[in-house]
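Residue numbers (my numbering), protein chains in the order written: chain V, 10 to 433; chain X, 5 to 208; chain Z, 9 to 110.
Quick reminder that beta carbons are idealized off the backbone N, C-alpha and C, glycines included.
If you're wondering where the values come from, they're calculated on a predicted model, not measured in any experiment.
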Amino acid sequence: MFAANSIAEYLDQNVAWLNGCGYWVAALIHALLLIHVFALSPFAFIWLERKVSGRIQDRLGPTRVGGLFGWLQSLADGIKLIQKEDLCPPAADSMLFRSAPYIVCVASFAVFMVLPFSHGWVAVAADCGLFILLAILSLEVFGIILAGYSSGSKWSLFGGMREAAQMVSYEIPLAICALIPVIAAGSLNLGEIGEMQRGGFWNWFVFHDPFTFFAFFVYFVVATASCKRAPFDLAEAESELVGGFHTEYSGMRWSFFFMGEYASMFAVCGVASVLFLGGWNTGLPFLDDALSSARLNGATGAGPWAAGYLANVLGAFVFVTKASFGVFVQVWLRWTLPRLRIDQVITTCLKYLVPISCFLFLGATVWPLVLLQVSQTTTLTAPLGDRFGGALGEARLRGSVPAASVSRAQAASVSVSSVGEVAR
Amino acid sequence: MTGHSFLFTVFALSTCLSAIAVVISQTVVRMAFWLIISLGSTSALFFLADADFVGAAQLLIYVGGTLVLLVFGVMLTASGPYLKIATAPGETIIAGLAGLMFLMIVFGSIQAVDWTGGSAPEVSRQRDVASAVSSGNTLRPIGLSLLGLRVDGASDSDGGIEAPGYLLPFEIVSVHLLVVLIGSAYLARAKRSRQSAGGNVSVA
Amino acid sequence: MSANMNAYLLVGAVLFVCGVICMATKRNGIGVLMGVELVLNGANINFVAFSRFSRLGLDGQVFSLFVIVLAAAEAAVALAIALNFYNNHLTIDVDRANKLKG
């Protein structure tokens, strides 16, 4: 199940003194790397939030800590928060009150397990990666609800209830919108989906057909809501609920909620970039081709290993840039739009977003059949079968995808075309 | 002890202990908390048993959907903070004893049956599919079997005949879910409560 | 404890028994519901274990998927009933549902 296999095998074969514990060491390495991503992305984005909000409000934002642009401001915040007293109000259910922040943190950390950062750079390359990712994202709400309920304060309770109602509704369009590019791709494996969009930005799924184009924007709105960001931050609406679900929290436990929030912002934007915006592909055909051939040569031993590695580093850089731009847009939205009312939030979801996403889903399903009728091909851009086969074939070379899934994929594409025949 | 069985022990213990904690806890929110831990560890057990898709479905539907709904229900039906409806101690003891005896019987029968007997001839699975399934990549075989197409080649004891897929149950479950959606929305909609003078008791 | 079929079945049995005790002793309606969820999960573990360790193949996994989906449906209906009950009795104590006793 773990794609730590490559590192694990390498350690087992080349480092004698580990005698068979390579699997654990590899898992440890992955966990350490991911913890750093999880901890550093809030670090950067909290600074970004302060800076952007300052600029939008015609202020300077942080300028002092760390010299230029105050880039160490988040560290200063963190040190301040660690020093604060860890309070637990007497009316609270102390066990639940104390454990709620950990649920939020663990859930948003676990999302990074299945998120690919570059070609093959993923801790757990599961076949149903996107499905697992959505499942883990949906766990975060529990920490919020428990925090709200166990605080023993009416503000927190209102915040928790709003969050529960909002999340239960917004999960539906989130999942449906995430499935629309999956229809185009024919795979739930995030690595395969990213690899299919190689070779030019017109191969990105956002430009695949009109339905995926609109689905991208619906997904982004819903993802913003599912991270409880403004204008959907009803759970912590400070003008009416003091602090919402985190009214009673202080110090480190309070900051855990916000680490979770910023990390999950990064995660949903990362998913958006893999599903719609080409993931780690640059969008420029010659650059993509050069990078992928460098990767392939590095993996098979035909070229320098370091070149393949550098190509992957560049891919990860592209991915993080795309995801960070998504986070920037979310921050920008927060400081631009006023907060909705709770009934407006639920109405937006149930009366508009769910029908829209269902319509887009149906449209994306019918689109290849219509194209088949009109122009004898299933996509406007490049023949899907070629790209699909190419990506899978390459993955198969690396030994990560069993032959079965390739043949299944071909069977699936055959069955799609046969459905087209029947429809005709 | 291999890594796999170590992980299995950890998650099996956490599943069982939190299930026991669900029984012992008095407040219903704590029950919900322990239930989350228990069901989450169960999904980890599914991942360990090479059933990735089922594990993810467990997390998404059970933990992320059903339990949120349950906690929501707890909040809506609590007449005070940390509502406690205590069970009589006598009942608890009797139920505990009966449960323990039942557990003993089940344990005994599990140990008594030779489960390996039937699985000796591992017949006629296509090898590539079998390897995909055993590494947890069950997504496409399950999806195709829900469409009525069996690709894992499970055959009858006579051999040759493909086992049927699950298109019909899948459709029935879909219709069932739609019926349930409409029915529960109808049941739970805001009604005029007899006790509250004139005001609507809003439930959603 | 090694991860063989018996170990999975034992975990399933513990979950099942806990669920049954929960259903029998809890007086809170939602607590009873949680017992049902535990029982269904015990069954699910068994299905997955049989799918992994016996000839059952994928059938066990498909069955457990159906169980999960139907459990979600059951929880939704039961919760709607519990809310109705609360609206009528202003409590969720199932022992108070004795109108039909005569």
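- When DSSP states are grouped into helix, strand and coil, Z/ASN12 belongs to the coil group.
- Here X/MET108 is exposed: its Cβ has fewer than 16 other Cβ atoms, across all protein chains shown, within 10 Å.
- The beta carbon of X/VAL184 does not come within 7 Å of any beta carbon belonging to chain V, so the residue lies off that interface.
- CA-CA distance, V/GLY317 to V/ALA303, rounds to 5 Å.
- Around the Cβ of V/PRO347, a 10 Å sphere holds fewer than 16 other Cβ atoms; the residue is exposed.
- Between V/LEU37 and the set X/GLY7, X/ALA82 and X/GLU95, the nearest pair of CA atoms involves X/GLY7.
- Under a criterion of Cβ atoms nearer than 7 Å, the residues of chain X adjacent to V/CYS137 are, in order, ASP56, PHE57, ALA60 and LEU143.
- Any Cβ of chain X closer than 7 Å to the Cβ of V/MET268 would place that residue at the interface, and such an atom is absent.
- Listed along chain X, no residue sits closer than 7 Å to V/ILE192 by beta-carbon distance, the nearest being about 13 Å off.
- Identification of residues in the stretch 91–102 of chain V having a C-beta nearer than 7 Å to some C-beta of chain X yields ASP102, given in sequence order.
- Against chain X, the beta carbon of V/TRP263 has no neighbour under 9 Å; the closest one sits roughly 20 Å away.
- When DSSP states are grouped into helix, strand and coil, V/ASP95 belongs to the coil group.
- Boundaries of the alpha helix (DSSP H) around X/PHE10: 7–28.
- V/TRP213 and V/ALA194 have their alpha carbons spaced roughly 11 Å apart.
- Residue nearest to V/PRO190 within the set V/GLY168, V/LEU342 and V/ASP218 is V/ASP218 (criterion: CA-CA distance).
- For V/ALA109, the CB contacts under 6 Å within the same chain, skipping 5 residues up- and downstream, are GLY152, LEU155 and ALA156 in chain order.
- The DSSP-derived three-state label of V/TRP130 is strand.
- Fewer than three pairs of CB atoms, one per stretch, sit closer than 8 Å, so the stretch 157–174 of chain V makes no contact with the stretch 361–370 of chain V.
- If you ignore the 5 residues before and after V/VAL251, its C-beta comes within less than 6 Å of the C-beta of TRP164, all in its own chain and listed in chain order.
- Residue-level contact check: X/VAL26 does not touch chain V, since none of the beta carbons of chain V fall below 7 Å from its beta carbon.
- Taking every protein chain shown into account, the CB of V/VAL338 has fewer than 16 other CB atoms within 10 angstroms, so this residue is exposed.
- Near chain X, meaning a CB-to-CB distance below 7 Å, the residues of the stretch 119–147 of chain V are ALA135, ASP136, CYS137, PHE140, ILE141, LEU143, ALA144, ILE145 and SER147.
- The three-state secondary structure of Z/ASN92, taken from DSSP, is helix.
- Counting along the chain, V/GLN339 sits inside the alpha helix (DSSP H) bounded by residues 314–343.
- Interface with chain X (7 Å Cβ-Cβ cutoff): Z/ASN14 is included.
- Taking one beta carbon from each stretch, the stretch 42–55 of chain V and the stretch 215–234 of chain V have fewer than 3 pairs nearer than 8 Å; the two do not touch.
- At a cut-off of 7 Å between beta-carbon atoms, Z/ASN36 makes contact with chain X.
- V/GLY79 sits buried, since 16 or more C-beta atoms from the chains shown fall within 10 Å of its C-beta.
- Exposed is the label assigned to V/GLN353, since fewer than 16 other Cβ atoms lie within 10 Å of its Cβ.
- Below the 7 Å Cβ cutoff, chain X contributes LEU43 and THR46 as neighbours of Z/ASN49, in chain order.
- With respect to chain X, the C-beta atom of Z/VAL85 has a partner C-beta closer than 7 Å.
- For Z/LEU108, the nearest beta carbon of chain X is not closer than 7 Å to its own beta carbon.
- Residues are counted here when their Cβ sits less than 8 Å from a Cβ of chain X; for the stretch 16–34 of chain Z these are TYR16, LEU17, LEU18, VAL19, ALA21, VAL22, LEU23, PHE24, VAL25, CYS26, GLY27, VAL28, ILE29, CYS30, ALA32, THR33 and LYS34, given in chain order.
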